[in-house]
Ligand SMILES: Nc1ncnc2c1ncn2[C@@H]1O[C@H](COP(=O)(O)OP(=O)(O)O)[C@@H](O)[C@H]1O
Ligand SMILES: [Mg+2]
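Residue numbers (the numbering used here): 4 to 366.
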């Protein structure tokens with residue numbers, strides 16, 4: 004049983020601060036991912052939780068007890084690294100049992116514990132092998148096994164699947180998630196792979212330059228991103244962003260994007276802004292041939308390139324004077340270039356405040 008509370012957490016290396024006062028609570032049994040671009044502070048945060056980095060300010064608590072000064076080995080957390088960090092001269096069984104041996108657990112007991120975990124991870128046939136005689140995926144399983152054998156209160160993962168090929172990564176993410184559910188161990192999982200974060204997590208923390216942009220369930224982040232950063236970070240291909248011109252007139256306020264004009268519902272307070280940022284995800288566009296009399300809310304689209312991916316078709320082209328990406332389920336076969344129209348339902352048109360990128364809602 005372990006819940007974590009991080010409060011006002013800061014980290015500086017010399018005069019450079021890289022974590023800027025972070026607050027986060029993690030529930031017992033939760034699987035939470037930290038994602039963000041390289042250098043945003045994911046590993047630093049994880050290492051501070053593990054006790055491998057000093058805390059410059061703030062506190063980290065486990066079950067309401069501040070652990071800032073607790074030695075790493077007494078934190079009851081197990082970390083799994085990207086590079087596996089196995090002992091090359093020890094067998095799989097010895098690697099997995101190493102931490103128990105350090106604690107002077109009896110041999111027979113270690114054997115039972117290692118045997119159980121090896122069974123869980125399909126490693127039983129390999130127990131006597133050295134790491135170099137294993138595939139990448141098997142080594143990663145041994146690293147997992149070594150963490151599980153200790154039955155820690157918290158698992159900490161730092162990009163554990165980054166060295167594996169794409170197919171194995173998908174398989175391992177399913178296995179890790181299933182194991183975590185079964186063991187019920189609170190887990191913090193660092194990745195730069197948003198698909199990993201989206202598919203595995205109860206909640207995701209989006210980090211940007213040492214600050215939290217948003218914390219939420221995968222679909223909350225996708226459907227209701229707090230700001231432009233999150234909106235363009237989550238989702239692939241990325242959300243299309245337009246600068247819409249605000250047109251105030253007798254018939255109410257409208258937003259103009261190229262040839263399209265949308266009515267702005269009165270509940271949106273955009274003050275005196277002359278432009279508003281609008282975001283539409285590639286998969287939320289509907290494509291049509293241009294009608295003789297184009298509807299008011301249709302965007303002229305000059306299709307330049309079609310990319311079939313199998314499950315989806317990606318269309319690239321120009322609309323409202325910029326590059327736009329559209330993703331559709333059908334296998335469209337237009338000859339390029341083609342002149343088309345794009346439309347989107349109001350609930351898929353996101354508005355962001357001009358000055359700070361805060362999301363205001365959908366039309
Ligand atoms: N030991 C260190 N000394 C100085 N700067 C560091 C050290 N470790 C990390 N940093 C800096 O802290 C920032 C966050 O790094 P890191 O946590 O490794 O990012 P991430 O894991 O998200 O890629 C980066 O700017 C990095 O250069
Ligand atoms: Mg890192």
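Where a beta carbon is used, it is the ideal one built from N, C-alpha and C, also for glycine.
Asked	Found
Enumerated in chain order, which unbroken segments of the alpha helix (DSSP H) with a length of 4 residues or greater are wholly contained in the stretch 183-250?	197-203, 221-226, 231-236
Can you say whether residue 144 is buried or exposed, counting buried as having 16 or more other CB atoms within 10 angstroms of its CB?	buried
Looking only at its chain, what residues have a beta carbon closer than 8 angstroms to the beta carbon of residue 314, apart from the 5 residues adjacent to it on each side?	332
For residue 253, count neighbouring Cβ atoms within 10 angstroms of its own Cβ and tell me buried if that reaches 16, exposed if not.	exposed
Taking 8 angstroms as the threshold (C-beta atoms), are residue 10 and residue 61 in contact?	yes
Suppose contacts are defined by Cβ-Cβ distances below 8 angstroms. Is residue 171 in contact with residue 140 by that definition?	yes
Measuring alpha carbon to alpha carbon, tell me which residue in 248, 226, 98 is nearest residue 117.	98
With ligand 4 as the reference, list in chain order each residue whose Cβ lies under 5 angstroms from any of its heavy atoms.	Ligand 4 is absent from the structure shown, which contains only ligand 1 and ligand 2.
Please confirm whether any heavy atom of ligand 2 lies closer than 7 angstroms to the CB of residue 196.	no
Under a three-way DSSP split, which group does residue 151 fall into?	helix
For residue 314, which three-state DSSP category applies?	coil
Are the stretch 117-136 and the stretch 151-158 touching, with three or more C-beta to C-beta distances below 8 angstroms?	yes
In the DSSP assignment, what residue or residues form a beta bridge with residue 14?	22
Ligand 2 and residue 168: does any heavy atom of the ligand fall closer than 7 angstroms to the residue's C-beta?	no
Specify the secondary structure class of residue 101 as computed by DSSP and reduced to three states.	helix
Are the beta-carbon atoms of residue 362 and residue 277 separated by less than 8 angstroms?	no
With a threshold of 7 angstroms on Cβ separation, who are the neighbours of residue 167 within its own chain once the five nearest residues in sequence on each side are excluded?	139, 140, 143, 175
Please name the residue in 341, 84, 73, 164 whose C-alpha comes closest to that of residue 306.	341
With a Cβ-Cβ cutoff of 8 angstroms, do residue 22 and residue 7 count as a contact?	no
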